[in-house]
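Residue numbers (the numbering used here): 35 to 521.
Note that beta-carbon positions come from the ideal geometry of N, C-alpha and C, so glycine has one too.
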Amino acid sequence: MDVEAFRQAGKQAIDDIADYYAKLGIDSGSIPVNSVVEPGYLTPLIPDAPPQEGEDFATISADYHRLIMPGLTHWQHPAFFAYFPTASSFEAILGDLYSLAIPTPGFNWSCSPAATELEAIVMDWAAKLLFLDAAFYNSSGVGGGSLQTTASDSALIAIVAARERYMALHPEATPELTNLVIYVTTQTHSLGLKAGKVLGLQVRALEVRAEDNYALKGETLEQALNEDKSAGRRPFVLIATVGTTSSGAVDDLTEVEAALRQHPEVWVHVDAAWAGIALCCPETHETLRLTGINSVADSICTNFHKWGLVNFDCSTLWVRDRRLLTAALDITPPFLRTTHGDAGTVIDYRNWHLALGRRFRSLKLWFVMRGFGVEGFRKHIRQAIQLNELFSTLVKNTDILELVAPPSLALSVFRLAPLDLTKDALNTLNSAFYQRLSTRKDIALTQTTLNGAYCIRFAIGAARTTESHIRDAFSIVLEEARTVLDA
């Protein structure tokens with residue numbers, strides 16, 4: 035493909051993308067939210083070897099629409115309420131396009147100075163957008179932030195740094211690495227368990243209770259610390275959550291801080307992957323424990339690629355002391371050394387994550403933050419919260435559905451709850467309820483359990499979701515609920 039062919043193909047691709055989003059926004063019923071294929075559908079439709087000669091773009095593009103589109107789940111669909119949203123905006127798409135045009139591995143400042151310096155700047159912008167303490171700014175020269183792929187990577191990196199710090203503080207522990215313990219809760223995302231598996235470390239899940247809205251309390255943490263230390267185990271990091279996956283719970287960081295006063299060696303990583311973006315709205319600060327985050331967190335992560343208008347991937351990680359991160363991850367062979375790096379006058383972001391190379395993600399974040407501005411972010415977040423208030427009110431006003439946990443920002447967790455059923459019978463009923471909902475192509479939801487109670491999650495966040503989509507979704511939920519009860 036030469037320059038002119040690329041120009042024409044690119045125009046066609048942009049037109050196709052624009053048409054797709056126009057259909058989602060105007061006539062969402064013309065595109066099913068869930069894919070319409072069965073497992074293995076694609077293999078018989080595509081040759082088992084690449085073509086001997088190159089094919090023209092028109093043929094490739096036609097096959098994309100014919101073969102690939104039917105197998106896609108449309109996360110930007112107004113009726114997508116599963117998991118959490120994966121964000122997208124035209125500003126982010128264009129930022130990614132520009133970054134792809136000038137590929138840079140970004141492992142040190144010299145690779146492309148603008149890539150490093152823009153990342154440092156926009157990470158400070160993002161920290162200010164979310165009202166994080168100035169200790170987390172790159173401009174502080176002590177703490178700072180970097181862009182990662184996902185919250186799972188961010189947690190793994192934070193745990194590696196926490197382990198390195200603990201070993202430096204307790205050199206006598208080096209022969210006893212098997213005694214190191216990662217703390218999570220029974221509602222923490224699976225990233226905690228996966229980090230333990232990757233690093234070969236114990237993970238202890240602390241129980242959280244429905245009466246505490248599934249939040250970690252200081253008493254629970256303190257009791258676990260005392261038990262483990264008495265048994266010779268070494269707790270060294272806690273993953274606290276601001277907005278759990280199942281219920282949107284927020285761990286009580288004020289009590290966590292109090293419980294850790296006698297245990298300063300425990301690193302606190304705050305996983306705010308979904309809910310953290312809502313900190314851009316001042317009215318959320320008390321609910322999301324911003325004061326506690328700024329006081330107790332050694333590291334914090336949130337995903338702009340969830341609720342933050344930036345297409346995947348764009349996970350933000352801040353640390354209070356960057357030296358603890360780079361000390362754990364810095365491997366610099368001679369061929370990677372540079373004059374500026376040796377002098378310490380630049381950031382070499384390869385020392386802030388596990389890989390060597392990295393994408394130029396800051397460009398799309400810069401485009402989005404400039405395109406929307408602070409008020410644009412707040413409008414987006416507030417709209418989703420208001421829509422969830424509508425959905426939760428509709429649930430409350432029925433006599434067959436109930437909320438299993440308090441609504442959390444743009445997330446509601448609900449279930450069928452007819453009278454006089456045992457817990458097991460309720461779970462069986464709700465499993466059947468969800469199975470009916472999951473087979474539909476016009477709505478996407480996910481299931482979860484909260485302390486043994488089977489329930490259904492309703493997560494709002496797609497930019498094109500409106501009140502009419504919420505009312506349509508509730509009608510579907512109610513229709514399937516009545517069908518299950520009548521069966």
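Worksheet item: Just how far apart, CA to CA, sit A361 and E198?
Response: What you label residue 361 is simply residue 327 of the sequence shown in a count that begins at 1. What you label residue 198 is simply residue 164 of the sequence shown in a count that begins at 1. Cα to Cα, the separation comes out at about 8 angstroms.
Discussion item. Does the distance between the C-beta of Y171 and the nearest non-hydrogen atom of the ligand GTP fall short of 8 angstroms?
Written reply: This structure simply doesn't include the ligand GTP, nor any ligand for that matter.
Fill in: Cβ pair V438, A487 closer than 9 angstroms
For the purposes of this step, residue 438 is taken as the residue at position 404 of the sequence shown. For the purposes of this step, residue 487 is taken as the residue at position 453 of the sequence shown. A contact, by the Cβ cut-off of 9 angstroms.
Item to complete: Taking all protein chains shown into account, decide if N431 is buried (16 or more other Cβ within 10 angstroms of its Cβ) or exposed.
Response: If you number the sequence shown from 1, residue 431 lands on position 397. Label assigned to N431: exposed.
Worksheet item: Looking only at C-alpha atoms, which of T499, D506, R516 sits nearest to I58?
Response: Within the sequence shown, numbered from 1, the residue matching residue 58 stands at position 24. For clarity, residue 58 is Leu in the given sequence; the question names Ile instead. Here the closest residue by C-alpha is T499.
Worksheet entry | CA-to-CA distance, I477 to G105, given in whole angstroms | Residue numbering aside, residue 105 sits at position 71 when the sequence shown is read from its first letter. Residue numbering aside, residue 477 sits at position 443 when the sequence shown is read from its first letter. Whole-angstrom Cα-Cα distance: 16 angstroms.
Worksheet item: When the cut-off is 9 angstroms and only beta carbons count, does L214 lie next to chain B?
Response: Judged by its chain identifiers, the structure shown contains no chain B, having just a single protein chain.
Worksheet item: Do you know how far the Cα of P112 is from the Cα of A497?
Response: As a position in the sequence shown, residue 497 is number 463, starting the count at 1. As a position in the sequence shown, residue 112 is number 78, starting the count at 1. Distance between the alpha carbons of A497 and P112 is about 8 angstroms.
Worksheet entry | Three CB pairs or more closer than 8 angstroms across the stretch 170 to 180 and the stretch 143 to 161 | yes
Worksheet item: Terminal residues of the continuous beta strand (DSSP E) containing D305?
Response: Counting from one through the sequence shown, the residue named residue 305 turns up at place 271. Counting along the chain, the beta strand (DSSP E) containing D305 begins and ends at 301 to 305.
Practice prompt. Find the nearest neighbour of N213 within the set Q236, S69, V408, judged by alpha-carbon distance.
Written response: Position 179 of the sequence shown, counted from the first residue, corresponds to residue 213. Taking only the C-alpha atoms, the option nearest N213 is Q236.
Worksheet item: What alpha helix (DSSP H) runs, 4 residues minimum, are completely inside the stretch 55 to 82?
Response: none
Practice prompt. Pick helix, strand or coil for Q182, following the three-state DSSP scheme.
Written response: What you label residue 182 is simply residue 148 of the sequence shown in a count that begins at 1. Three-state result, Q182: strand.
Worksheet item: Among residues of its own chain, excluding the 5 on either side of R474, which ones have a beta-carbon nearer than 6 angstroms to its beta-carbon?
Response: Residue 474 sits at position 440 when you count from the first residue of the sequence shown. Taken in chain order, the list of residues that qualify is empty.
Practice prompt. Given a cut-off of 9 angstroms, decide if F114 and R491 are closer than it, judged by their beta-carbon atoms.
Written response: As a first step, residue 491 must be located in the sequence shown, where it is residue number 457. As a first step, residue 114 must be located in the sequence shown, where it is residue number 80. No. Outside cutoff.
Worksheet item: Which parts of the stretch 140 to 207 are runs of the alpha helix (DSSP H), unbroken and 4 residues or longer, counting only runs that do not cross its ends?
Response: Here the runs fully enclosed are 147 to 163, 185 to 203.
Worksheet item: Start and end of the beta strand (DSSP E) containing S446?
Response: In the sequence shown, residue 446 corresponds to position 412, counting from 1. It spans 445 to 450 - the beta strand (DSSP E) in which S446 sits, taken as one unbroken run.
Discussion item. Per the DSSP calculation, T336 is bridged to which residue(s)?
Written reply: Looking up residue 336 in the sequence shown gives position 302. Answer by DSSP bridge pairing, in chain order: T350.
Practice prompt. Sort A39, V242, E245, I216 by Cα distance to K263 and report the nearest one.
Written response: Here the question's residue 263 lines up with position 229 in the sequence shown. Of A39, V242, E245, I216, the smallest CA-CA separation from K263 is found for I216.
Worksheet entry | Backbone CA spacing between S280 and A185 [nearest angstrom] | Within the sequence shown, the letter at position 246 stands for residue 280. Within the sequence shown, the letter at position 151 stands for residue 185. C-alpha separation (whole angstroms): 16 angstroms.
Item to complete: Over the uninterrupted beta strand (DSSP E) stretch that includes T482, give me the two end residues.
Response: On the sequence shown, position 448 is the one that residue 482 refers to. T482 -> beta strand (DSSP E) spans 480 to 484.
Worksheet entry | Coarse secondary structure for T373, derived from DSSP in three states | By 1-based counting over the sequence shown, the position of residue 373 is 339. Note: T373 maps to helix in three-state DSSP.
Fill in: Residues near Q420 by beta carbon distance below 7 angstroms, same chain, minus five either side
The residue labelled residue 420 in the question sits at position 386 within the sequence shown. Around Q420: no qualifying Cβ.
Fill in: Rounded separation between S144 and L424 - CA only
Counting from 1 along the sequence shown, the entry for residue 144 is found at position 110. Counting from 1 along the sequence shown, the entry for residue 424 is found at position 390. Roughly 51 angstroms separates the two Cα atoms.
Worksheet item: Relative to the C-alpha of S349, which residue among N172, L313, L399 is closest?
Response: Position 315 of the sequence shown, counted from the start, is the residue given in the question as residue 349. The shortest C-alpha separation from S349 is found at L399.
Worksheet item: Residues in its own chain within less than 8 angstroms of S174 by CB, not counting five upstream and five downstream?
Response: One-based indexing of the sequence shown puts residue 174 at position 140. Contacts found: A168.
Worksheet item: Is the beta carbon of A195 less than 9 angstroms from the beta carbon of L363?
Response: Within the sequence shown, residue 195 is the residue found at index 161, counting from 1. Within the sequence shown, residue 363 is the residue found at index 329, counting from 1. For A195 and L363, yes; Cβs fall inside 9 angstroms.
Worksheet entry | Beta-carbon gap between E253 and E289 smaller than 9 angstroms | Stepping through the sequence shown from its first residue, residue 253 is reached at position 219. Stepping through the sequence shown from its first residue, residue 289 is reached at position 255. In this structure, E289 lies closer than 9 angstroms to E253 by Cβ.
Discussion item. Classify D286: buried if its beta carbon has 16 or more other beta carbons within 10 angstroms, exposed otherwise.
Written reply: The residue you call residue 286 lines up with position 252 of the sequence shown. Its Cβ being crowded by 16 or more others within 10 Å, D286 is buried.
Worksheet item: What are the boundary residues of the beta strand (DSSP E) that Y488 is part of?
Response: Your numbering for residue 488 matches position 454 in the sequence shown. Here the beta strand (DSSP E) through Y488 covers 487 to 493.
Worksheet entry | DSSP-derived helix/strand/coil call for Q86 | Taking the sequence shown and counting its residues from 1, the one referred to as residue 86 is at position 52. DSSP places Q86 in coil when its eight states are reduced to three.
Item to complete: Could you check what DSSP says for A126 in three-state terms: helix, strand or coil?
Response: Locating residue 126 in the sequence shown gives position 92, counting from the first residue. Residue state, collapsed to three classes: helix.
Worksheet item: Near S133, which residues of its chain fall below 8 angstroms by C-beta distance, leaving aside the five closest residues on each side in sequence?
Response: Position 99 of the sequence shown holds residue 133. If we look at S133 and ignore the five residues flanking it on each side, its Cβ neighbours are R393, F394, R395, L397, K398.
Worksheet item: Cβ of V4 within 9 angstroms of Cβ of S123?
Response: Here the chain covers residues 35 to 521 and nothing more, so residue 4 does not appear.
Discussion item. So for E241, helix, strand or coil by DSSP?
Written reply: Against the sequence shown, residue 241 aligns to sequence position 207. The three-state secondary structure of E241, taken from DSSP, is coil.
Worksheet item: Between which two residues does the beta strand (DSSP E) containing T275 stretch?
Response: Position 241 of the sequence shown, counted from the first residue, corresponds to residue 275. Looking at the DSSP string, the run of the beta strand (DSSP E) that includes T275 is 268 to 275.
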